[in-house]
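*Asks:*
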Amino acid sequence: MPVPGQLNPSPRVLLGPGPSDVHPRVLTAMATPLLGHLDPEFLDLLGMVQAGVTLGAVGQAFQPDEKRVRLESLTYGRATRNCPVLNHATSCGLALREPHAASGRINTTMTTPQFPTARPRRLRHNPLLRQMVRETALAPDDFILPLFVRPGRGVRNEIASMPGNYQLSVDTLVDEVGAAAELGIRAFILFGIPSRKDATGAVACEDEGIVQQALRALRSAFKDGVLLITDECFCEYTEHGHCGVLSEYGRRRDVDNDATLPLLAAQCVSHAKAGADMVAPSGMLDGMVGAIRRGLDEAGFAWLPIMSYAAKYASAFYGPFRDAAESPPQFGDRGGYQMDPANGDEALREVALDVGEGADLIMVKPALAYLDVIRRVKDRFGLPVAAYNVSGEFAMVKAAAARGWIDERRITLEILTGIKRAGADVILTYHARDAARWLR
Ligand code: PBG
1 MPVPGQLNPS PRVLLGPGPS DVHPRVLTAM ATPLLGHLDP EFLDLLGMVQ
51 AGVTLGAVGQ AFQPDEKRVR LESLTYGRAT RNCPVLNHAT SCGLALREPH
101 AASGRINTTM TTPQFPTARP RRLRHNPLLR QMVRETALAP DDFILPLFVR
151 PGRGVRNEIA SMPGNYQLSV DTLVDEVGAA AELGIRAFIL FGIPSRKDAT
201 GAVACEDEGI VQQALRALRS AFKDGVLLIT DECFCEYTEH GHCGVLSEYG
251 RRRDVDNDAT LPLLAAQCVS HAKAGADMVA PSGMLDGMVG AIRRGLDEAG
301 FAWLPIMSYA AKYASAFYGP FRDAAESPPQ FGDRGGYQMD PANGDEALRE
351 VALDVGEGAD LIMVKPALAY LDVIRRVKDR FGLPVAAYNV SGEFAMVKAA
401 AARGWIDERR ITLEILTGIK RAGADVILTY HARDAARWLR
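Below, the structure written as structure tokens:
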């Protein structure tokens, strides 16, 4: 019985006139080195091409019904990406659209058995079997725990809207990292709350800055047992609370992109010297990854990776963080540098730029309202993807749990699993300690 949408395996259906803008031999020659990587059904297609049918004709043969869509997902999702034939197919009129199902893992052309032959519940009855076939597994080493450090000694100020998270001084920070490491958390991202702020955030680049002090203390306490990442931005260090130095643009004041880049590079180099294992620029400035890469390379840190906040949205979910880091903008908002939450394609352009400038990991932030972006970035670039499960997302769970409205443990693990299933390899999350405990 033909399955709806299945590619008809008979080549004859494809024979017929059609626009021919590439000679079949050319296509075949382009495809030959790739044959080993293509799936059998695509080989059929190539067979047709060899038989003298152009891809244009193939495209025509399949329109205008769902078979055309089938062919698109077949070529996009299952054949190798970057295949010149496929790229050429686009221009030959196959009209490949956005590769929705391009993960390439699901064999959609396979004949799917129907009920009662198929009974998906067979894999669900037995909890051990259910566990065995589970696709996504969380572990403490998926997490990066954000921590806030400020001057002083013995400081442990709980952040009202982020229960269980504190502003810490260097000494209590060392204790906190030690306790988290006991739970299996090995990666930390540090945010600094400086003793003074000014117009340019100069203290952020000083070797005696608060983050630099914290890095040295943590490095000497834990050696290579922890991964120390630093958030690279100026909003905590400027008196106006924006992510760089300001300029006037007509009637508007906004961050001066190019004037901020050298400062950002200097901040990163200073953190690298103090012992950071990775830098994470979060200011959404154009060219920031390239500027930092050059700065690090020139300072002898060519080996030091960059995790770029590549697709960071101007989000209301950062509310609690701005209290924690004492960094809210004193006028306006961050819409002049962070992305418009309505945009998805733009995220791919942002990521492409950062990858081109040398980003090693790419971040999408926030996570929950942007799971589609995480998935698209993962599919498109195949690089390690980080997702930031931000302060507002955390606060909502804590607030509802405190009222007894939700099951905090199940909700938290479900959220983190969902972020990972969407395509994140690592998750920055304030739930890290709780989750690590629950995962034991
Ligand atoms: C900027 C920065 C912010 C967050 C991480 N880095 C705040 C902002 O852009 O306003 C937000 C993180 C969170 O909400 O948990 N330095």
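Each residue of the sequence shown is one higher than the one before, counting from 1 in the numbering used here. Just so you know, even glycine gets a beta-carbon here, dropped at the ideal spot from N, CA and C. Model, not experiment: these values are computed from the prediction.
Of the residues 308, 381, 412, 216, which one's Cα is nearest the Cα of residue 232?
*Replies:* Of the listed residues, the one whose Cα sits closest to residue 232 is 308.
*Asks:* With contact counted as at least three CB pairs below 8 Å, one residue from each stretch, are the stretch 227–245 and the stretch 321–332 in contact?
*Replies:* Counting Cβ pairs under 8 Å, three or more are found: they touch.
*Asks:* Please report how far the alpha carbon of residue 434 lies from the alpha carbon of residue 282, in whole angstroms.
*Replies:* Rounded to the nearest angstrom, the two C-alpha atoms are 25 Å apart.
*Asks:* So does residue 245 have its beta carbon nearer than 7 Å to some heavy atom of the ligand PBG?
*Replies:* Outside the cutoff, so no.
*Asks:* Among the candidates 298, 360, 253, 374, whose CA atom is the shortest distance from the CA of residue 312?
*Replies:* The shortest C-alpha separation from residue 312 is found at 374.
*Asks:* Within its chain, find whatever has a CB closer than 7 Å to the CB of residue 321; leave out the 5 residues flanking it on each side and keep chain order.
*Replies:* Taken in chain order, the residues that qualify are 390, 391.
*Asks:* Measuring straight from C-alpha to C-alpha, what distance separates residue 439 and residue 432?
*Replies:* If I take the Cα positions, the gap works out to 10 Å.
*Asks:* Indicate, with yes or no, if the ligand PBG has a heavy atom lying under 7 Å from the CB of residue 308.
*Replies:* For the ligand PBG, not one heavy atom lies less than 7 Å from the Cβ of residue 308.
*Asks:* What does residue 363 pair with, by DSSP beta-bridge criteria?
*Replies:* 386.
*Asks:* Output the distance between the C-alpha atoms of residue 396 and residue 161, rounded to the nearest integer angstrom.
*Replies:* Rounded to whole angstroms, residue 396 to residue 161 spans 9 Å at the Cα level.
*Asks:* Under 8 Å between the Cβ atoms of residue 221 and residue 255?
*Replies:* Cβ atoms of residue 221 and residue 255: not closer than 8 Å.
*Asks:* Since residue 314 contacts residue 339 with CB under 8 Å, what's their CB separation in whole angstroms?
*Replies:* Rounded, the Cβ-Cβ distance is 6 Å, consistent with contact.
*Asks:* So is the beta-carbon of residue 321 under 7 Å away from any non-hydrogen atom of the ligand PLP?
*Replies:* Judged by which ligands are present, the ligand PLP is missing from the structure shown, whose ligands are the ligand PBG.
*Asks:* Which runs of the alpha helix (DSSP H) spanning at least 4 residues fall entirely within the stretch 131–217, listed in chain order?
*Replies:* List check, alpha helix (DSSP H) in window: 170–182.
*Asks:* With a threshold of 7 Å (Cβ to nearest heavy atom), would residue 390 be considered close to the ligand PBG?
*Replies:* Result yes, Cβ under 7 Å from the ligand PBG.
*Asks:* Residues in its own chain within less than 6 Å of residue 229 by CB, not counting five upstream and five downstream?
*Replies:* So the qualifying residues of the chain are 189, 278, 280.
*Asks:* Report the residue ranges of all beta strand (DSSP E) runs contained in full by the stretch 276–349; include only those spanning at least 3 residues, in chain order.
*Replies:* Those beta strand (DSSP E) runs which fall completely within the stretch 276–349 and span 3+ residues are 278–281, 307–312.
*Asks:* State the Cα-Cα distance for the pair residue 187 and residue 250, rounded to the nearest angstrom.
*Replies:* Their Cα atoms are separated by approximately 43 Å.
*Asks:* Closer than 7 Å to a non-hydrogen atom of the ligand PBG - does that hold for the CB of residue 318?
*Replies:* The answer is yes for residue 318.
*Asks:* Less than 7 Å between the CB of residue 207 and some heavy atom of the ligand PBG, yes or no?
*Replies:* Not so, every heavy atom of the ligand PBG lies at least 7 Å from the Cβ.
*Asks:* Could you check if residue 334 belongs to the surroundings of the ligand PBG, using beta carbon to heavy atom distance under 7 Å?
*Replies:* Yes, since a heavy atom of the ligand PBG falls inside the 7 Å radius drawn around the Cβ of residue 334.
*Asks:* Applying the criterion that 16 or more other CB atoms from any shown protein chain within 10 Å of the CB defines a buried residue, is residue 428 buried or exposed?
*Replies:* Buried, by the Cβ-count rule.
*Asks:* Between which two residues does the alpha helix (DSSP H) carrying residue 403 extend?
*Replies:* Looking at the DSSP string, residue 403 is not in any alpha helix (DSSP H), and its letter there is neither H nor E.
*Asks:* I'd like to know if residue 198 contacts chain C, where contact means its C-beta is closer than 8 Å to some C-beta of that chain.
*Replies:* Considering every chain present, this structure includes no chain C. It has just one protein chain.
*Asks:* In this structure, how does DSSP classify residue 254 when only helix, strand and coil are distinguished?
*Replies:* Correct three-state label for residue 254: strand.
*Asks:* Taking the C-alpha atoms as reference points, what is the distance between residue 195 and residue 205?
*Replies:* Taking the straight line from one Cα to the other gives about 13 Å.
*Asks:* What separation, rounded to the nearest whole angstrom, lies between the Cα atoms of residue 393 and residue 363?
*Replies:* Their Cα atoms are separated by approximately 16 Å.
*Asks:* Among 184, 129, 214, 301, whose alpha-carbon lies nearest the alpha-carbon of residue 151?
*Replies:* Of 184, 129, 214, 301, the residue nearest in Cα terms is 214.
*Asks:* Please report the straight-line C-alpha distance between residue 180 and residue 116, rounded to a whole angstrom.
*Replies:* If I take the Cα positions, the gap works out to 49 Å.
*Asks:* Looking only at its chain, what residues have a beta carbon closer than 7 Å to the beta carbon of residue 146, apart from the 5 residues adjacent to it on each side?
*Replies:* Correct list, in chain order: 189, 191, 428, 430.
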